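Enquirer: Right, I'll just put the structure down here and ask away after.
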Amino acid sequence: MTEHNVTAKQAREHSIELSLEQLIACQYWAKESIPLPHKKTRAHLVGGHLSPFKGRGMEFAEVRQYQPGDDIRTIDWRVTARTGKVHTKIFQEERERPVFIVADLQDTMFFGSRNRFKSTLACLHSARAFWAAFNSGNRVAGLFSTAQEHIELKPSNRRQNGLRLLQHLMELHNQRLEAIYSDADAYHVNQQSLQDMLLRLRHLVKGGSLIYIFSDFMNLNDDCHQHLSYLAQHNDIYGVMVSDPLEASIPRPGQYTLTDGLRHIRIDASNQRDMQRHQHHFEQRVARIRQEFAQTQSAFALCSTADSITDLSLDPAIQANIAFAKAGA
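In terms of the numbering used here, the sequence shown opens at residue 98 and continues consecutively.
Structure below.
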């Protein structure tokens, strides 16, 4: 590979814009299989078998005559009445389940000081989660939202529909990016964007689904907590908070000017007390969001624009969050 090609490849990987090529390439980092839910729900099965699936993790298989040891709760009373002999229902575990990819592309996500924007990283991780789910044979759905637009895609395990999902994600991101940077007045923060997405998700998701949420959670409020609690009762949630190093700390003393396109803020990074307050505020926000997910026994991970896309792992984050939830209990 020539030096020119290497430079071009690096430029694409660190671009704030997205291409379908980038999102398709994420399949090479999607080495994980979709993790099983970490909470077990008792299903009405022969012998009181414990299913790893929550909610609608079981599907009807057949009816047969009752045998000693069968769970009486699975008796099919209609067949029993019709035949005069006791029959019981047999269920089997579903081999796949719906996976919902939720990407919050609120305008606060279009910011970054390292490698790429938070919005770009969220889309890359969304694509990675899509490929992990698709390669495991699951049906994948999408729910993408900006401050002004909203896209819903139904669960499907067809590759053509999956590529359409990635195409919609790319176009939504790039259109919003272009709107913000072509017109400073276009920058808008919808304080209800996240809660509206979660409310809509409650109407779309069936029990037993796995939900990935990629967001900076700037607008996480009490209504969001209620929606998350409701969704977590019958589904597994994996929240990924996308951040930037400047949100956590400012590395060097000096005078910095930040702007959202309309307003300008000047920060004196030489004031150690202010910088400690800035860092403490970020740490408190992360801890609060982590606690929100822990209270619903949902998985949580924090990723940064300074990280490589390969740094985020599914299973360790889930296990770490379980330990955090148990410690809090």
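For every residue, glycine included, the Cβ atom is placed at its ideal position computed from N, Cα and C.
Quick caveat: nothing in here was measured; it's all calculated off a predicted structure.
1. When you compare each of Ile386, Thr180 and His377 to Ser395 by their alpha carbons, which one comes out closest?
2. Please report the distance separating the alpha-carbon of Glu249 from that of Leu117.
3. Whose C-beta lies closer than 7 Å to the C-beta of Ser401 among residues of the same chain, with five residues either side of it excluded?
4. From the beta carbon of Asp168, is the nearest beta carbon of chain B less than 9 Å away?
5. Can the beta-carbon of Phe379 be found less than 9 Å from the beta-carbon of Ala403?
6. Mark Arg299 as exposed unless 16 or more other C-beta atoms lie within 10 angstroms of its C-beta, in which case mark it buried.
7. Threshold first: 4 residues or longer. Then list the alpha helix (DSSP H) segments lying entirely within the segment 247 to 325, N to C.
8. Is it true that the CB of Ala127 sits closer than 9 Å to the CB of Ala281?
9. Could you tell me how far apart the beta carbons of Tyr309 and Val199 are, in whole angstroms, since I believe they sit closer than 8 Å?
10. Measure how close the beta-carbons of Thr185 and Ile172 come, nearest whole angstrom, since I'm counting them as under 8 Å.
11. Using only the alpha-carbon positions, how far apart do Leu120 and Asp320 sit?
12. Determine the DSSP secondary structure at His184, reduced to helix, strand or coil.
13. Asp371 lies in the alpha helix (DSSP H); which residues open and close that run?
14. Considering only their Cβ atoms, is the gap separating Val302 from Leu328 smaller than 9 Å?
15. Label Arg349 either buried or exposed according to how many other C-beta atoms from any shown protein chain fall within 10 Å of its C-beta, with 16 as the threshold for buried.
16. Identify the continuous alpha helix (DSSP H) that holds Cys397 and give its terminal residues.
17. Give me the Cα-Cα distance between Val183 and Trp174, rounded to the nearest whole angstrom.
18. Whose C-alpha, out of Leu202, Ser223, Ser233 and Ser306, is nearest the C-alpha of Gln245?
19. Kindly list the residues whose CB is nearer than 8 Å to the CB of Gln162, restricted to its own chain and excluding five residues on each side of it in sequence; keep chain order.
20. What are the start and end residues of the beta strand (DSSP E) that includes Ser340?
Expert: On the basis of the supplied data:
1. Along the sequence shown, read from residue 1 onward, the residue named residue 395 stands at position 298. When only C-alpha atoms are compared, the closest one is Ile386.
2. Counted from its first residue, the sequence shown places residue 249 at position 152. Counted from its first residue, the sequence shown places residue 117 at position 20. Approximately 18 Å, taken between the alpha carbons.
3. To locate residue 401, count along the sequence shown from 1; it is residue 304. Here the set comprises Ser340, Asp341 and Pro342.
4. Among the protein chains of the structure shown there is no chain B, as only one such chain exists.
5. By 1-based counting over the sequence shown, the position of residue 379 is 282. By 1-based counting over the sequence shown, the position of residue 403 is 306. Not closer than 9 Å, so no.
6. Along the sequence shown, read from residue 1 onward, the residue named residue 299 stands at position 202. It counts as exposed.
7. 256 to 279 and 290 to 301
8. Numbered from 1 along the sequence shown, position 184 holds the residue referred to as residue 281. Numbered from 1 along the sequence shown, position 30 holds the residue referred to as residue 127. In this structure, Ala127 does not lie closer than 9 Å to Ala281 by Cβ.
9. Along the sequence shown, one-based indexing puts residue 309 at 212. Along the sequence shown, one-based indexing puts residue 199 at 102. Going by Cβ atoms, the distance from Tyr309 to Val199 rounds to 6 Å, so yes, they are a contact pair.
10. Along the sequence shown, one-based indexing puts residue 185 at 88. Along the sequence shown, one-based indexing puts residue 172 at 75. Yes, Thr185 and Ile172 are in contact; Cβ-Cβ is about 5 Å, under 8 Å.
11. As a first step, residue 120 must be located in the sequence shown, where it is residue number 23. As a first step, residue 320 must be located in the sequence shown, where it is residue number 223. Roughly 32 Å between the two C-alpha positions.
12. The count along the sequence shown starts at 1 and reaches residue 184 at position 87. His184 falls in the strand class under three-state DSSP.
13. Locating residue 371 in the sequence shown gives position 274, counting from the first residue. Note, Asp371: alpha helix (DSSP H), Gln369 to Gln392.
14. Walking along the sequence shown from the start, residue 328 turns up at place 231. Walking along the sequence shown from the start, residue 302 turns up at place 205. Contact: yes.
15. Along the sequence shown, read from residue 1 onward, the residue named residue 349 stands at position 252. Classification of Arg349: exposed, given that the 10 Å Cβ count is below 16.
16. The residue given as residue 397 occupies position 300 in the sequence shown. Cys is not the amino acid found at residue 397; the sequence shown has Phe there. Per DSSP, Phe397 belongs to no alpha helix (DSSP H); it is in the beta strand (DSSP E), Ala396 to Ser401.
17. Counted from its first residue, the sequence shown places residue 183 at position 86. Counted from its first residue, the sequence shown places residue 174 at position 77. Using only the alpha carbons, I get a separation of about 8 Å.
18. Looking up residue 245 in the sequence shown gives position 148. Out of Leu202, Ser223, Ser233 and Ser306, Leu202 has the C-alpha closest to the C-alpha of Gln245.
19. Position 65 of the sequence shown holds residue 162. Same-chain partners within the cutoff: Lys182, Val183, His184 and Thr185.
20. Counting from 1 along the sequence shown, the entry for residue 340 is found at position 243. Note, Ser340: beta strand (DSSP E), Asp333 to Ser340.
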